[in-house]
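Numbering (the numbering used here), first residue to last: 1483 to 1671.
In structure tokens:
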């Protein structure tokens, strides 16, 4: 059984745990292409919001981030490519990288699609890493991306790649609604 922790900056303590009751991942996702690397979760009980727990607004459909705009990624993933797992939530600011520049870095192995966005610094040293996957990339207080993949962590010339929420927004909205309907129907029966 999977659980999520909310309301804590610590990975293993504090806050509240919520069991995952159901999920849907994007049907177009494959490890060979890494496109549409996104899923939605249904929690078995309703999250209680407080001064430490709040929802985040998602980027609007087709909303774009300007190249160079600063985004923020958070997580409990490795601090270095070789390890170093933190117990306190980490935060790093990374600028959005031009799609063509990112595509050039990863060709011919991967293609950066419209469902992806890239963020990082040319000189390296700032990035999401193993253990951050599924975590948020935030721009202007909106969920703009979901940590997906990259070549190692924080390597020069290889930005991190994220599932692009604005491009996947229709799928997200539809599947959130489907899970809500499915589980509301169950609670009525």
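Glycine is no exception: its CB is placed at the ideal position from the N, C-alpha and C atoms.
For residue i, I'd like the list of residues in its chain whose CB is within less than 6 Å of its CB, leaving aside the five on either flank, ordered along the chain.
i            : result
residue 1612 : 1559 and 1560
residue 1625 : 1538, 1540, 1618 and 1647
residue 1649 : 1596 and 1597
residue 1638 : 1605 and 1606
residue 1562 : none
residue 1524 : 1503, 1504, 1661 and 1665
residue 1551 : 1578
By DSSP, does residue i sit in helix, in strand, or in coil?
i            : result
residue 1564 : coil
residue 1487 : strand
residue 1630 : strand
residue 1578 : strand
residue 1660 : helix
residue 1652 : helix
residue 1667 : helix
Relative to the C-alpha of residue i, which candidate in the options has its C-alpha closest?
i            : options                   : result
residue 1529 : 1501, 1592, 1492 and 1506 : 1501
residue 1557 : 1571, 1544, 1546 and 1567 : 1571
residue 1553 : 1569, 1566 and 1573       : 1573
residue 1532 : 1584, 1520, 1511 and 1498 : 1498
residue 1591 : 1631, 1604 and 1653       : 1631
residue 1578 : 1547, 1645, 1522 and 1567 : 1547
residue 1545 : 1622, 1662 and 1659       : 1622
residue 1642 : 1594, 1654 and 1658       : 1594
residue 1520 : 1615, 1662 and 1663       : 1615
residue 1656 : 1543, 1492, 1483 and 1494 : 1543
residue 1658 : 1492, 1549, 1667 and 1506 : 1506
Can you name the start and end residues of the beta strand (DSSP E) that residue i belongs to?
i            : result
residue 1601 : 1598 to 1601
residue 1523 : 1521 to 1525
residue 1504 : 1498 to 1507
residue 1646 : 1642 to 1646
CB-CB under 8 Å to residue i, same chain, minus the five flanking residues each way: which ones, in chain order?
i            : result
residue 1496 : 1487, 1489 and 1490
residue 1608 : 1574, 1575, 1576, 1602 and 1636
residue 1640 : 1587, 1588, 1602, 1606, 1632, 1633 and 1634
residue 1526 : 1500, 1501, 1502 and 1503
So the alpha helix (DSSP H) residue i belongs to, where does it begin and stop?
i            : result
residue 1587 : 1581 to 1588
DSSP puts residue i in a beta bridge; with which residues?
i            : result
residue 1556 : 1573
residue 1621 : 1624
residue 1546 : Bridge partners of residue 1546: none, in fact.
residue 1540 : 1625
residue 1492 : 1570
Within a Cβ cutoff of 7 Å, which residues of the same chain sit near residue i, ignoring the five residues on either side of it in sequence?
i            : result
residue 1568 : 1558 and 1561
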